Each structure stands twice: as C-alpha cells, then as structure tokens.
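Inspection log for the structure reproduced underneath, given as structure tokens.
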Amino acid sequence: MRTPAPHPGRSVKIDIHAHFFPEISQEESQVLGIDDAPWLRVDNDQIGMIMAGNNEYRPVQAPLWNPQARLAEMDANGVDIQVVSATPILFSYVGDPGRATRWAAQVNDAALEMCAAASQRLRPLCQVPLQDIDRACAEVTRAVAAGHVGVHIGNHVDGRNLDHPDLLAFLHHCADQGIPVLVHPWSMMAAERMPKYMLQWLVGMPAETHLAILSLILSGAFERLPADLKICFAHGGGNFAQQLGRVENAWHRRDIVRQDCPRPPSEYIERFSVDSAVFDDTTLRFLLDVMGESRVLMGSDYPFPLGEIHPGKMIEESLLFSDATRQAVLYDNAANFFGVEND
Ligand code: CO
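Every number in my numbering is 1 more than the matching position in the sequence shown, counting from 1.
Have a look at this one:
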C-alpha cells in the first residue's frame, strides 16, 4: 500500500517508453512482400485492429495512431513529452533486407508525420532493418537527420544476441553518431511453452531483456563499445537488477563465467540505463538503489494493457522517493539521455 506524499505538486514529465502504430494500410504493408505483414485497420475514430495479413492480431484504441487523441491523454496524465517508439510487431527483422529497409523508412516517415502534430511533445525513435547492418546504419543516420531522437531496436535478431559482431557494429555506429538506443524485448524465447496467461509478457519479456544485458556484459562487449554509447533497456531491465547478485557470485566463483568479462558484472552498470516500468514503488526503489539515480528513466509502456495507467503517478505519490529522485526519474535523466527538453 502506498502512502501519498504530502505535497505531490506538478512535475514536468517525459515518458520514454510509449508505443505508436502509424496508419499503415494493407496495401502499404505489401512493401514487405509477406503474407502476414502488419498493418492497421481503423474501424472508427475510437477503435481499430492491428492486423497480421488477413488475421486480427490485437484490438487497439485511437491514441495508438491518432496524435490528437494521444495528446489529450498526455494532458490528462500530465505527461509533457513522450519519446515514442513503434509497436515491436513492426520491426520486421526477418525477410528480404531491401524490402525491410523500404519498410523501415516508411514506418519512420509515418512516425514523423504523426509527431508533427506536436513536434516538441512527441519525439519519435526510428526503427532499422537490423538483419542488414549496413542498411541499418544508413537508415538510422537518415532518420535521425530527418528528426528522430534515437533508435528503438529488438533485443535479438535471427538467433543473434546483442553481443554478435554485426549488432555491436550497429551499436558502435550509434555511439559514434551520438544516437541514443532503446532496447525492447520481442519474439520471446520458449514461446511454445507460454501459450496462455500472457506468460510471454510476464516471463518471456523480462528474461529476454536480462539475456540482452548479460550478453553485453559477460561477452566483454562493453569493453569494446565506446563509453559514451547511450543504451537503455525497457521494463526496468527485466530480471537484471534482481538477479545481479547471482551473476556476481557466478563471476567470482566460475572461470567460464568471467572468461570474456574482465571486471565484475556490477561494474558495468554505469554503461547503461533502464526505464521505470516495474509498477511497484518498492521494486522501483530497489531498482534505483542498484542502477543509481541517474540511470532510471520514466517509461510507462503506454498505451497498452500492461502499461502504467497514469504514467509517473506512482513516483509522484510514493514516499520512497525524494524530490530530487522524482525530478531525476521523471524528467532530468530522459532529457539528458535523449537530448529533449520541455519548452
Ligand atoms: Co513496450
């Protein structure tokens, strides 16, 4: 149970984990050249359906694609800026790289069009055809020049984790160009054992993100990546913070754990950030204690059913956080990470 703070006040808030799905028609989705290409069926001005080819994938509501509906909800929740990212079904990391590149550019341009409704409040992250690193580097550079504030990537591509040389080359490119990276879990492991109860979201996603972070730490990738790479992991970094003690113990006790990782895993915490989407103030307090107060950014997973209904409210109202912590998590850390600010 939460005890409200005596003077919650009005914070300036940036939400760095908020999804959109642009109005892409079935005809436009043919760019991908596959039967189950994602597109948006708008049924009326309130509801629609994410489609995969001719199949219904997920019912959705207007704020997902309509910027005016989104801005109205941001106003109602006191969210000043959203850093918005495509719904992960749009990644399309499988298939022909040329088609995937045209698709990414189409999604990215549609995102800019959507955000033009309030270009200082809606700041898009681009997506890239990660199955082809040269094309991915070219598209992220093009998209950022066109107005995107960073890039949103899945945590694995075609069986490769983030420590694969190709994906490290992409991260290196982003570091060289000062482009922030948000990593989101997708295409969950062992999905065949998680057919019900949203287990792919509840078990698969936190495990995928934990795997992504450990792949970078234990492979020694952080030793090779530029120290100024800005990389942030969704959902509080999944299971990482809770399991850090286990990993640390294993590193000290087993040479096969530390063979490619010269320093204790906890020493790499300063190399990445996480969002605050953990939905419980005691858990968030713990996450802040592990990650440090400058490396947790407010993220809600808006507007999906597993997102925070009132982004930032828990942080504003819980007594577990000082005013300085609230200011850091709700605004300063995201402003520094993405280079955006409230005017
Ligand atoms: Co999300």
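Don't be surprised by glycine CBs; every beta carbon is placed ideally from N, CA and C. In this text, all values refer to a predicted model and were calculated from it rather than measured experimentally.
heavy atom of the ligand CO below 7 Å from residue i C-beta
i: D302; result: yes
i: A101; result: no
i: A144; result: no
i: H20; result: yes
i: A335; result: no
i: A235; result: yes
i: H185; result: yes
Residue closest to residue i, alpha-carbon to alpha-carbon, out of the options
i: F273; options: W40, V297, T142; result: V297
i: G238; options: R225, A278, V150; result: A278
i: F234; options: R255, Y332, D302; result: D302
i: D276; options: R254, D36, D159, P207; result: P207
i: H157; options: A191, L212, L288, E114; result: L212
i: L289; options: T326, G308, P263; result: T326
i: A135; options: H174, Y198, G151; result: A small fix is needed here, since residue 135 is Asp in this sequence, not Ala. Answer by Cα proximity: H174.
i: S295; options: A335, L172, Q128; result: A335
i: S26; options: A191, V13, A19, W40; result: W40
i: E342; options: N162, V184, Q83, D164; result: Q83
i: D164; options: Q201, A192, S220; result: S220
Sub-8 Å separation of residue i and residue j beta-carbons
i: I90; j: F339; result: no
i: P181; j: T210; result: no
i: R92; j: G155; result: Going by the sequence as given, residue 92 is Phe instead of Arg. Going by C-beta atoms, F92 is nearer than 8 Å to G155.
i: A105; j: P125; result: no
i: R122; j: D81; result: yes
i: T102; j: F22; result: no
i: G313; j: K14; result: yes
Paired residues, beta bridge with residue i - DSSP
i: F21; result: A87
i: D16; result: Q83
i: P60; result: M50
i: L126; result: G151
Contact between the segment 309-326 and the segment 270-290 (3+ Cβ pairs under 8 Å): Contact holds between the segment 309-326 and the segment 270-290, because three or more Cβ pairs, one in each stretch, are under 8 Å apart.
The segment 94-105 / the segment 30-47 touching (three or more Cβ pairs under 8 Å): Cβ pair count under 8 Å is three or more, so yes.
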